[in-house]
Amino acid sequence: MKIFVLISIVLCLYAVPDNIKAQKPTINIDEVPAPLFRDPIYDGAADPTIIWNDTEQEWWIFYTQRRANQKLENVAYCYGTAIGIAASSDRGRTWYYRGIANLPQSDWGHNTFWAPQVKKANGKYHIFVTYIKGIYNNWGGESRIMHYESADLQNWKDAPLNGVPSEVIDASIHRLSNGEWKMWYTLRGQTYASTSKDLDNWKKIDKKEVGGPAHEAPVVFKWKGYYWMFVDPRDHGFVGITAYRSADATHWEKNNELLNTPGLRPDEFDQGRHADVVIEGDRAYILYFTHPGRRFDINGIEIRENTHAYRRSSLQMAELELKDGKIMCDRDKYISKSK
Numbered sequence: 007m008k009i010f011v012l013i014s015i016v017l018c019l020y021a022v023p024d025n026i027k028a029q030k031p032t033i034n035i036d037e038v039p040a041p042l043f044r045d046p047i048y049d050g051a052a053d054p055t056i057i058w059n060d061t062e063q064e065w066w067i068f069y070t071q072r073r074a075n076q077k078l079e080n081v082a083y084c085y086g087t088a089i090g091i092a093a094s095s096d097r098g099r100t101w102y103y104r105g106i107a108n109l110p111q112s113d114w115g116h117n118t119f120w121a122p123q124v125k126k127a128n129g130k131y132h133i134f135v136t137y138i139k140g141i142y143n144n145w146g147g148e149s150r151i152m153h154y155e156s157a158d159l160q161n162w163k164d165a166p167l168n169g170v171p172s173e174v175i176d177a178s179i180h181r182l183s184n185g186e187w188k189m190w191y192t193l194r195g196q197t198y199a200s201t202s203k204d205l206d207n208w209k210k211i212d213k214k215e216v217g218g219p220a221h222e223a224p225v226v227f228k229w230k231g232y233y234w235m236f237v238d239p240r241d242h243g244f245v246g247i248t249a250y251r252s253a254d255a256t257h258w259e260k261n262n263e264l265l266n267t268p269g270l271r272p273d274e275f276d277q278g279r280h281a282d283v284v285i286e287g288d289r290a291y292i293l294y295f296t297h298p299g300r301r302f303d304i305n306g307i308e309i310r311e312n313t314h315a316y317r318r319s320s321l322q323m324a325e326l327e328l329k330d331g332k333i334m335c336d337r338d339k340y341i342s343k344s345k
């Protein structure tokens with residue numbers, strides 16, 4: 007009888023983990039390190055997006071793997087980039103490098119991937135990423151958005167993307183309350199959008215959604231009853247992040263500016279750049295990158311240098327707050343907990 011009971015207990019113990027694994031653990035924002043992650047290959051992690059990997063039971067960050075530690079002319083380190091992957095199995099306390107996303111290319115040779123965003127929909131993972139054929143020493147090249155699908159975030163295949171204009175960058179995807187999907191992207195320094203019912207076929211909205219000063223890298227999320235959009239302003243050296251708010255994900259009003267002054271944690275002596283946001287319950291965490299080695303003149307303009315220190319970048323994470331209707335981020339509140 008005792009042996010039967012013991013065997014039953016052992017079988018129950020082995021039966022439980024599948025149920026436990028199905029529960030996505032929350033990020034422990036109080037224990038995330040600073041910097042959150044530095045790419046160990048090229049030291050140029052940028053443009054991050056974050057998602058929970060059901061298969062591996064880890065948080066995965068996909069990012070532009072800039073080649074910051076290579077001796078390359080001008081901005082060539084920003085081209086020829088793959089999409090790197092960082093992973094954490096302990097609620098964000100530690101991160102390690104998993105490799106690069108296996109994204110098919112339609113062109114032979116060494117090409118460029120930028121600014122991924124990953125979503126899960128209809129039982130599959132989808133990645134939308136900026137693609138440029140070849141490598142350039144100066145800003146240029148014909149960009150377009152590519153769409154891939156995967157069952158496990160590791161093996162990707164081409165997926166349709168019809169109706170999205172060419173020469174756009176930095177796609178951000180969000181599902182609206184009516185069930186439709188909406189994609190925002192940068193076109194000539196302004197934010198435009200397209201809508202879709204299936205993620206494959208899109209209809210362009212001719213009117214720009216956010217105009218004004220030149221900007222890029224829109225990311226949209228819903229939190230506290232509103233849609234929010236973060237963009238990177240291009241004026242004065244990409245200073246911080248500009249936040250917009252909308253009740254309908256179409257009409258936007260400027261709300262606040264975030265991460266536009268240096269922080270105190272390691273690798274935070276720079277503004278926050280090109281962010282993503284993860285929502286957990288009523289809490290929201292912003293994931294962004296910094297250029298901690300850059301120097302600025304008396305007017306706040308970057309002093310351009312062709313050095314590893316100038317090019318390198320780090321990923322960081324902090325919590326968003328809503329005070330008196332304004333979205334805010336105090337990254338210095340974690341200073342005593344950073345490594």
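According to our numbering, the sequence shown is numbered sequentially starting from 7. Where is the CB? At the ideal position from N, CA and C, for every residue including glycine. What you are looking at is a predicted structure, and each value in this text was computed from that prediction instead of being measured.
| Item | Value |
| --- | --- |
| Rank W65, D113 and N312 by C-alpha distance to the C-alpha of G86 and give the top, closest one. | D113 |
| Select from A255, A223 and R44 the residue whose C-alpha is nearest the C-alpha of Q196. | A223 |
| Short of 7 Å in beta carbon distance, which residues of its chain neighbour L328, apart from the five on each side in sequence? Order them along the chain. | K230 |
| Go to Y131, then tell me how far its beta strand (DSSP E) extends in each direction, as first and last residue. | K130 to I138 |
| K329 by DSSP, collapsed to three states: which one? | strand |
| Quick one: using the 10 Å Cβ neighbour count with 16 as the cut-off for buried, is A127 buried or exposed? | exposed |
| Please report the straight-line C-alpha distance between D273 and L321, rounded to a whole angstrom. | 9 Å |
| Would Y131 and S156 be called neighbours here (beta carbons separated by less than 8 Å)? | yes |
| DSSP on H257, reduced to helix/strand/coil? | coil |
| Pick helix, strand or coil for I304, following the three-state DSSP scheme. | coil |
| Between the stretch 176 to 189 and the stretch 138 to 148, are three or more C-beta pairs nearer than 8 Å? | no |
| Any Cβ of chain C within less than 8 Å of the Cβ of Y69? | Annotation note: the requested chain C is absent from the structure, which comprises a single protein chain. |
| Apart from the five residues just before and just after N108, which ones in its own chain have a Cβ nearer than 7 Å to its Cβ? | Q160, N161 and W162 |
| At which residues does the beta strand (DSSP E) containing R150 begin and terminate? | S149 to S156 |
| When DSSP labels each residue in this structure, what does I341 get in the three-state scheme? | helix |
| Can at least three beta-carbon pairs, one atom from the stretch 249 to 261 and one from the stretch 231 to 238, be found at a separation below 8 Å? | yes |
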